[in-house]
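Engineer: So that we are looking at the same thing, I have put the structure below in structure tokens.
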Amino acid sequence: MKINCRCGSLIIDQTDYHSNKGYIISDQDYFDLLEIIDNAIEKSGPTPKDKERAVMGIRSLIGGFQKNVYQCFSCGRIYISTKGNELKEFTAVEHSQGSSILSSTKGESWKRPIIGDWDDSRKGEILGYLWCYGYSKEYSNSENFQTLQEDYFKLLGDLSAKGTVRSALLKHNKQVIHSWVPN
Ligand SMILES: [Zn+2]
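Using our numbering, read the sequence shown as starting at 2 and increasing by one per residue.
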């Protein structure tokens, strides 16, 4: 693989042990990866063949989570391979457009937690929060818990239909009103 850097230099990825190449795993994906490794070790059978199958399985799954990162030796620019091996140059401009090089390799299909939390005892104007990657919202003291609750269930329905919910939790004044985790 060769990358034409914007500065005119060539970044070459042809052998192993490159000092200007590395791997990134998103924090969004990290715990899924650990779980896959745990499962593969715990559930692998006793024979050497079983172990080999588990190891190969883990390697191929890690490949699905990792992004490659390259740095140009001449100018120091950073390039990240995104899903589908498309290359992205990291610049502050891209960042300000809301694109994160550290987000999940699963993109929009990443399974995300939904947390709704309203607390009357909060200091300041904001009493309620809906935390969910891409859909977060704040609720001021001129609104009420009902609004947050409606938004929570609407979001849960929408994202469940897309299969992108990891877990859901709704709290009102520290009491759990609703919770959901997959079986
Ligand atoms: Zn360069």
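Built from N, CA and C at the ideal position, the CB exists for glycine as well.
Regarding S20 and ligand 1, is the C-beta to nearest heavy atom distance less than 6 Å?
Structural biologist: As a first step, residue 20 must be located in the sequence shown, where it is residue number 19. No, since every heavy atom of ligand 1 falls outside the 6 Å radius drawn around the Cβ of S20.
Engineer: Under 8 Å by Cβ, that's how I've got L131 and N142 pegged, so tell me the actual separation to the nearest angstrom.
Structural biologist: Stepping through the sequence shown from its first residue, residue 131 is reached at position 130. Stepping through the sequence shown from its first residue, residue 142 is reached at position 141. Wrong, their Cβ atoms sit about 16 Å apart, outside the cutoff.
Engineer: Closer than 6 Å is what we want: which residues have a beta carbon that near any heavy atom of ligand 1? List them in chain order.
Structural biologist: C6, C8, S10, C73, S75, C76, R78
Engineer: Identify every run of the beta strand (DSSP E) within the segment 133–166, keeping only runs that are complete inside it and at least 3 residues long; order them along the chain.
Structural biologist: 138–141
Engineer: Just list the residues that DSSP pairs N69 with in beta bridges.
Structural biologist: In the sequence shown, counting from the first residue as 1, residue 69 sits at position 68. Per DSSP, Y24.
Engineer: So the beta strand (DSSP E) R7 belongs to, where does it begin and stop?
Structural biologist: In the sequence shown, the residue the question calls residue 7 occupies position 6. For R7, no beta strand (DSSP E) run applies, since DSSP gives it neither H nor E.
Engineer: Would you kindly check if the distance between the Cβ of R167 and the Cβ of R123 is under 7 Å?
Structural biologist: The count along the sequence shown starts at 1 and reaches residue 123 at position 122. The count along the sequence shown starts at 1 and reaches residue 167 at position 166. Their beta carbons are not under 7 Å apart, which means R123 does not touch R167 by this criterion.
Engineer: Have a look at D120, I42, D28 and flag the residue whose alpha-carbon is nearest the alpha-carbon of K175.
Structural biologist: Here residue 175 corresponds to residue number 174 of the sequence shown, with the count starting at 1. The candidate whose alpha carbon is nearest that of K175 is D120.
Engineer: With DSSP run on the structure shown, which of helix, strand or coil describes Q118?
Structural biologist: Mapped onto the sequence shown, residue 118 falls at position 117. The sequence shown places Asp at residue 118, rather than the Gln named in the question. Strand.
Engineer: Is the Cβ-Cβ distance between S110 and T148 less than 7 Å?
Structural biologist: As a first step, residue 110 must be located in the sequence shown, where it is residue number 109. As a first step, residue 148 must be located in the sequence shown, where it is residue number 147. In this structure, S110 lies away from T148, with their beta-carbon atoms at least 7 Å apart.
Engineer: Under the assumption that F66 contacts I26 (Cβ atoms under 8 Å), give the Cβ distance between them as a whole number of angstroms.
Structural biologist: The sequence position of residue 66 within the sequence shown is 65, counting from 1. The sequence position of residue 26 within the sequence shown is 25, counting from 1. Confirmed, about 5 Å.
Engineer: Can you find at least 3 beta carbon pairs, one from the segment 77–92 and one from the segment 2–9, that sit closer than 8 Å?
Structural biologist: By the criterion of at least three beta-carbon pairs nearer than 8 Å, the segment 77–92 is in contact with the segment 2–9.
Engineer: In the structure shown, what three-state DSSP assignment does S104 receive?
Structural biologist: Residue 104 sits at position 103 when you count from the first residue of the sequence shown. DSSP places S104 in coil when its eight states are reduced to three.
Engineer: For G129, write down the residues that DSSP places opposite it in a beta bridge.
Structural biologist: Within the sequence shown, numbered from 1, the residue matching residue 129 stands at position 128. DSSP lists W119, Y140 as partners of G129.
Engineer: Go through its chain and collect everything with a Cβ distance to W181's Cβ below 6 Å, but skip five positions before and after it.
Structural biologist: Numbered from 1 along the sequence shown, position 180 holds the residue referred to as residue 181. Only A169 meet the Cβ criterion.
Engineer: The beta strand (DSSP E) that contains V177, what's its start and end?
Structural biologist: Looking up residue 177 in the sequence shown gives position 176. V177 -> beta strand (DSSP E) spans 176–181.
Engineer: Let me make sure I understand the geometry here. Which of G46, Y71, I13 has the alpha-carbon closest to that of K1?
Structural biologist: Absent from the model: residue 1. The displayed extent of the chain is 2 to 184, so no value can be given.
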